[in-house]
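Residue numbers (this note's numbering): 6 to 261. Glycine is no exception: its CB is placed at the ideal position from the N, C-alpha and C atoms. Structure, as structure tokens:
Here is the structure:
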């Protein structure tokens with residue numbers, strides 16, 4: 006919604022498939038929700054697994070549905086133990102550099118739907134891409150202390166941030182499932198070795214097991230929401246928290 010509003014203001018009626026607080030991993034739209042979405046003319050896809058369920062169901066009620074893949078033309082990274090049956094990390098929007106490309110794809114799709122908005126969309130796209138360039142620089146500055154260090158997460162949602170800004174993501178979750186004792190032991194050994202003091206979770210994937218592990222290891226639990234509405238503000242907040250937490254761990258000579 007944020008991206009479309011930045012490009013087109015209030016020119017389009019917007020619906021967000023995933024309600025606040027819903028988990029993408031367990032998403033299963035109800036018949037009522039599908040009925041609410043039945044008038045959809047354009048779906049902007051980012052390649053997350055839930056779309057494999059949602060898009061075919063939307064097509065059942067809307068044969069003329071247009072699907073624009075915002076990840077088209079974007080450099081994708083290999084998945085990191087997501088266990089969802091896809092090869093690429095779907096959290097592509099967490100990279101401002103890739104969001105720049107996604108914005109152009111979205112603007113083109115919106116322009117195809119409403120040709121009379123072409124001029125407005127072009128102007129707003131140029132402005133937004135310039136803002137994303139500034140955001141990229143600000144995020145890089147906030148994450149500079151994290152360079153070469155390891156970020157421990159429950160769900161591996163931050164691979165693009167790690168790749169773009171020079172740190173490493175290590176997931177507790179394994180293949181989309183709670184960790185085996187062996188995998189958990191390996192992660193805990195790395196935590197102790199690098200004196201990591203924080204584990205990051207998403208509000209959609211926090212678990213009692215994680216809370217217990219964190220308490221036993223004396224780890225702080227920090228919540229980051231990659232699905233928050235205000236993209237730029239949220240990315241800055243997440244970068245600040247990651248940079249501050251990783252700056253106090255033991256630096257390692259690693260290649261992300």
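Near residue i, which residues of its chain fall below 7 Å by C-beta distance, leaving aside the five closest residues on each side in sequence?
i, result
"residue 164", "82, 85, 94, 96, 174"
"residue 160", "176, 178, 207, 210"
"residue 57", "none"
"residue 325", "Since the displayed the chain opens at 6 and closes at 261, residue 325 lies outside it and no answer follows."
By the three-class DSSP mapping on this structure, what secondary structure does residue i have?
i, result
"residue 137", "helix"
"residue 251", "helix"
"residue 199", "coil"
"residue 75", "coil"
"residue 47", "strand"
"residue 204", "strand"
"residue 188", "helix"
"residue 155", "strand"
"residue 225", "strand"
"residue 83", "strand"
If distances are taken between C-alpha atoms only, which option among the options comes closest to residue i?
i, options, result
"residue 157", "167, 150, 145", "167"
"residue 145", "248, 229, 33", "248"
"residue 26", "241, 237, 254, 228", "228"
"residue 172", "186, 189, 154", "154"
"residue 80", "44, 169, 20, 200", "169"
"residue 72", "49, 14, 127, 132", "49"
"residue 196", "224, 186, 220, 43", "224"
Using only the alpha-carbon positions, how far apart do residue i and residue j sit?
i, j, result
"residue 244", "residue 147", "6 Å"
"residue 6", "residue 113", "16 Å"
"residue 120", "residue 16", "12 Å"
"residue 239", "residue 233", "7 Å"
"residue 98", "residue 107", "8 Å"
"residue 54", "residue 193", "29 Å"
"residue 152", "residue 252", "9 Å"
"residue 62", "residue 39", "7 Å"
"residue 123", "residue 116", "5 Å"
"residue 47", "residue 204", "38 Å"
"residue 22", "residue 212", "24 Å"
"residue 184", "residue 149", "30 Å"
"residue 250", "residue 202", "7 Å"
"residue 140", "residue 215", "32 Å"
"residue 92", "residue 162", "14 Å"
"residue 12", "residue 129", "5 Å"
"residue 186", "residue 103", "36 Å"
"residue 32", "residue 44", "20 Å"
Only counting the same chain, and skipping five residues up and downstream in sequence, which positions put a Cβ closer than 8 Å to that of residue i?
i, result
"residue 134", "105, 108, 109"
Any heavy atom of the ligand COA inside 8 Å of the beta-carbon of residue i?
i, result
"residue 113", "Ligands in the displayed structure: none, and consequently the ligand COA is not present."
To which residues of the same chain is residue i closer than 6 Å at the C-beta, ignoring the five residues directly before and after it?
i, result
"residue 52", "76, 95"
For this session: Please list the segments of the beta strand (DSSP E) lying wholly inside the stretch 158-186, counting only runs of 3 or more residues, in order along the chain.
Result: 173-176
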